[in-house]
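This report concerns only the one structure given below.
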Amino acid sequence: MLSRLMSGSSRSLEREYSCTVRLLDDSEYTCTIQRDAKGQYLFDLLCHHLNLLEKDYFGIRFVDPDKQRHWLEFTKSVVKQLRSQPPFTMCFRVKFYPADPAALKEEITRYLVFLQIKRDLYHGRLLCKTSDAALLAAYILQAEIGDYDPGKHPEGYSSKFQFFPKHSEKLERKIAEIHKTELSGQTPATSELNFLRKAQTLETYGVDPHPCKDVSGNAAFLAFTPFGFVVLQGNKRVHFIKWNEVTKLKFEGKTFYLYVSQKEEKKIILTYFAPTPEACKHLWKCGIENQAFYKLEKSSQVRTVSSSNLFFKGSRFRYSGRVAKEVMESSAKIKREPPEIHRAGMVPSRSCPSITHGPRLSSVPRTRRRAVHISIMEGLESLRDSAHSTPVRSSSHGDTFLPHVRSSRADSNERVTVIADEAYSPADSVLPTPVAEHSLELMLLSRQINGATCSIEEEKESEASTPTAAEMEALGGELRALCQGHGRPEEEQSGHLKGPQLQQQQQQQGWGKSISLD
Numbered sequence: 001m002l003s004r005l006m007s008g009s010s011r012s013l014e015r016e017y018s019c020t021v022r023l024l025d026d027s028e029y030t031c032t033i034q035r036d037a038k039g040q041y042l043f044d045l046l047c048h049h050l051n052l053l054e055k056d057y058f059g060i061r062f063v064d065p066d067k068q069r070h071w072l073e074f075t076k077s078v079v080k081q082l083r084s085q086p087p088f089t090m091c092f093r094v095k096f097y098p099a100d101p102a103a104l105k106e107e108i109t110r111y112l113v114f115l116q117i118k119r120d121l122y123h124g125r126l127l128c129k130t131s132d133a134a135l136l137a138a139y140i141l142q143a144e145i146g147d148y149d150p151g152k153h154p155e156g157y158s159s160k161f162q163f164f165p166k167h168s169e170k171l172e173r174k175i176a177e178i179h180k181t182e183l184s185g186q187t188p189a190t191s192e193l194n195f196l197r198k199a200q201t202l203e204t205y206g207v208d209p210h211p212c213k214d215v216s217g218n219a220a221f222l223a224f225t226p227f228g229f230v231v232l233q234g235n236k237r238v239h240f241i242k243w244n245e246v247t248k249l250k251f252e253g254k255t256f257y258l259y260v261s262q263k264e265e266k267k268i269i270l271t272y273f274a275p276t277p278e279a280c281k282h283l284w285k286c287g288i289e290n291q292a293f294y295k296l297e298k299s300s301q302v303r304t305v306s307s308s309n310l311f312f313k314g315s316r317f318r319y320s321g322r323v324a325k326e327v328m329e330s331s332a333k334i335k336r337e338p339p340e341i342h343r344a345g346m347v348p349s350r351s352c353p354s355i356t357h358g359p360r361l362s363s364v365p366r367t368r369r370r371a372v373h374i375s376i377m378e379g380l381e382s383l384r385d386s387a388h389s390t391p392v393r394s395s396s397h398g399d400t401f402l403p404h405v406r407s408s409r410a411d412s413n414e415r416v417t418v419i420a421d422e423a424y425s426p427a428d429s430v431l432p433t434p435v436a437e438h439s440l441e442l443m444l445l446s447r448q449i450n451g452a453t454c455s456i457e458e459e460k461e462s463e464a465s466t467p468t469a470a471e472m473e474a475l476g477g478e479l480r481a482l483c484q485g486h487g488r489p490e491e492e493q494s495g496h497l498k499g500p501q502l503q504q505q506q507q508q509q510g511w512g513k514s515i516s517l518d
C-alpha cells in the first residue's frame, strides 16, 4: 500500500515542470505548472503577477529545439508545444502593438509597451533617422534618471548607456543636449507617454521582422504591423499593403503567398521564400493572427484558416483571442485604482550589441559589463542565415484603427519611404543568448579585428582572464575565416556540417548553446 502511494506521489511530481519567463525589464518570473497545463494558465499567472488587465496585446515567446521562434498558443499544452527538456525558458513580450499606444487606458500597460519599444530600439528593430533616435533616447534618459543635474551627471554621462546597436559621440552629445534643455520637469510617466507618441509615428513601429527572399532571390524583411503588411529594404520601406487589401495568406513548404486586392479590382499575389518550412509556417501564423486582431470587428468572425487551397490539405490554424476593437472597448470599462509601478533602472538588454556595428562598449553601465558576452561563432552564423532585405512595390497606409497623428502620412502616394539614415538590419544586433564563459575575450578580440579599441576599464576588467598571444592568434584566425566566408553557401562556412552536427561541434568548442528570445 505504502509503495503504491509513493509511486503515485512520484508520478505526480513527474507531471510538474519548472518554467522561467523573462519579463520586459529583464527580471524573471518562475513558477511550476502541471504537465497538461494550457498556455492560457501560464499567461494568466504572469498577468496576475504583473497586475495587468489590458493583457491582449501581450504574449509568450519561446524557441524550440530547432531554434525556431514561436508564440505560445493559449489553447494548447505548454509542455507539448515546447518539445524541450525542462526547466523551460520563455519570454513575455508585446505580440500585438497598439495602434495608438498613448491611448492605452492604464499606465502599467503603457509602461510595459514602453519597455518593449525600448528593446526594439536597442536591437535595431525600431530603426529611425538620427534626429528621431536622439529624441527617443532623451525621453528614456528623462524617464529613468530624471532631470539633468550637473552634480550627478558629469560631461559625457549619456555615453554610459546604450540605446541603439550603434552609438556615436555626436549622437550621444545630441541626446544629452535634448535631455538637458528640453525635457526638464517631465515625470517618468510623462516621458514614457511622449516616447510612445513619437515611436508610434515611425515607419518601423510594431515591426517584428521575418527574413525572406523574393522570387528574384533578393533579400527582404517582412513584417505585420497594426496598419498592414510591410516589406523593408535597405533604409527604405518599399512596400505596404493595408489590412483591408489582404484577402488571403498561404504557405507551402518554404514559400509564402500574400493575396492582395487593390483599387479598380487589381489583384496581386506576392511570393516570398523563408529560410525553412518551419520559419514559413511561423510567418504564416503570425500573419493570420495579426490580420484577425487588427482587421475584424469582433472575435465571432474568426474562422479556421487552411494553409492550402484545399481545406483538407496542409496546416490549419485559428486565432483564439479577442480582436483590437473588442480590446479597446473592454479597456474603456476598466475602473480601479491605478496599480503601483515598480520601474526598473537603466539596464541594457540581455542580448548583446552588434558585432557588425562595433558599438562603444564603454556606453554600457559598468555594473553590467561583465554580463556583456558575445558568442562569436554562433552569432556570425545567425547573421549569415538571417540578414536579408528586398525591393517590392509600395502602397500608402490605410485607416484601419488609424490614429489621427498618422493620417497626414497615410494619405501620401509616395512609392518609397525612407525610414532611417542607414540600412535596416535588425539581425545584426539580435545575437544568440550569451552563455560561453570566455565570451568577453572573444568580443574584445572581434573589436580589435574590426579596428575598435578597448577602453582602460575594459582592459582592467578582462586582464585577469586574457588569453595568451598564441590563443588570441588561433581564435583570430577562426574568426577571420568565418568573416571571409560570410555570404557563401552554408556547406562552405560550416565545414559541411549541418543541423545537429554543427550544433554539437559548437557546443564542444564552448561557443553558443542557446538562441536569443528577443
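In this text, residue positions in the sequence shown follow full-length UniProt numbering: the first is 1, and each later residue adds one.
We put the CB at the ideal spot given by N, CA and C, even for glycine.
Best match in the options for proximity to residue i [C-alpha to C-alpha]
i: Leu258; options: Phe224, Gly59, Lys298; result: Phe224
i: Tyr57; options: Glu172, Tyr122, Ile334, Met328; result: Met328
i: Arg110; options: Lys335, Ala176, Arg119, Pro98; result: Pro98
i: Pro277; options: Phe96, Phe251, Ala37; result: Phe251
i: Asp149; options: Glu177, Lys76, Leu171, Asp214; result: Glu177
i: Asp64; options: Gln162, Gly217, Met90, Asp120; result: Met90
i: Val21; options: Val78, Glu155, Val113; result: Val78
i: Tyr29; options: His49, Glu16, Ser330; result: His49
i: Ile33; options: Ser27, His282, Pro86; result: Pro86
i: Thr255; options: Arg35, Ile140, Ser308; result: Ser308
i: Ala324; options: Arg303, Glu289, Thr304; result: Glu289
i: Ile66; options: Thr75, Phe161, Arg83, Phe74; result: The identity of residue 66 in the sequence shown is Asp, whereas the question assumes Ile. Checked all of Thr75, Phe161, Arg83, Phe74; the closest Cα to Asp66 is Arg83.
i: Ile419; options: Val207, Ser27, Ser168, Ala189; result: Val207
Residue i to residue j span [Cα, whole Å]
i: His388; j: Pro338; result: In this predicted model, His388 has a pLDDT of only 33, less than 50, meaning its place in the structure is not dependable; the value taken from the coordinates is given anyway. Taking the straight line from one Cα to the other gives about 43 Å.
i: Ser18; j: Arg318; result: 28 Å
i: His70; j: Ile117; result: 20 Å
i: Ser184; j: Lys152; result: 15 Å
i: Val260; j: Lys266; result: 8 Å
i: Gly314; j: Phe92; result: 30 Å
i: Ala344; j: Leu115; result: 10 Å
i: Ile341; j: Asp44; result: 19 Å
i: Gln262; j: Gln301; result: 22 Å
i: Leu126; j: Gln40; result: 29 Å
i: His123; j: Glu203; result: 16 Å
i: Val230; j: Asp147; result: 38 Å
i: Lys213; j: Ala274; result: 7 Å
i: Ile241; j: Thr417; result: 14 Å
i: Gln81; j: Ile269; result: 32 Å
i: Gly477; j: Arg237; result: Because the pLDDT at Gly477 is just 49, under 50, the model does not fix this residue reliably, and the point stays unresolved.
i: Gln186; j: Ser306; result: 50 Å
i: residue 576; j: Leu135; result: The displayed coordinates of the chain run from 1 to 518. Any statement about residue 576 would go beyond what the structure contains.
i: Phe293; j: Gly156; result: 44 Å
i: Arg336; j: Pro211; result: 42 Å
i: Gly287; j: Arg173; result: 40 Å
i: Trp284; j: Thr181; result: 46 Å
i: Ile334; j: Ser216; result: 50 Å
i: Glu144; j: Ser131; result: 20 Å
i: Tyr205; j: Ala37; result: 34 Å
i: Asp100; j: Arg316; result: 31 Å
i: Glu326; j: Pro226; result: 15 Å
i: Arg35; j: Lys281; result: 26 Å
i: residue 588; j: Glu264; result: The question about residue 588 has no answer, for the chain in this structure spans 1 to 518.
Integer-rounded CB distance, given that residue j should sit under 8 Å from residue i
i: Lys295; j: Trp243; result: 4 Å
i: Phe62; j: Leu72; result: 6 Å
i: Ser320; j: Glu54; result: About 18 Å; that fails the 8 Å criterion.
i: Asp518; j: Arg119; result: 6 Å
C-beta contact flag for residue i and residue j at 8 Å
i: Gln142; j: His179; result: yes
i: Ala102; j: Leu196; result: yes
i: Asn194; j: Ile108; result: no
i: Ala199; j: Phe164; result: no
i: Met68; j: Ala279; result: Before going on, a small fix: residue 68 reads as Gln here, not Met. Contact flag set, yes.
i: Ile175; j: Ser191; result: no
i: Gly59; j: Lys105; result: no
i: Leu24; j: Leu112; result: yes
i: Pro426; j: Pro209; result: yes
i: Leu222; j: Gln291; result: no
i: Asp421; j: Lys166; result: no
i: Asn218; j: Ala423; result: no
Min CB distance residue i to chain B below 8 Å
i: Phe251; result: Here chain B cannot be found, since the structure has a single protein chain.
Beta-ladder partner(s) of residue i, from DSSP
i: His239; result: Val231
i: Gly59; result: Arg93
i: Gln162; result: According to DSSP, which records beta bridges pairwise, Gln162 is partnered with nothing at all.
i: Cys31; result: Cys19
i: Arg69; result: Val63
i: Glu252; result: Thr255
i: His210; result: Leu222
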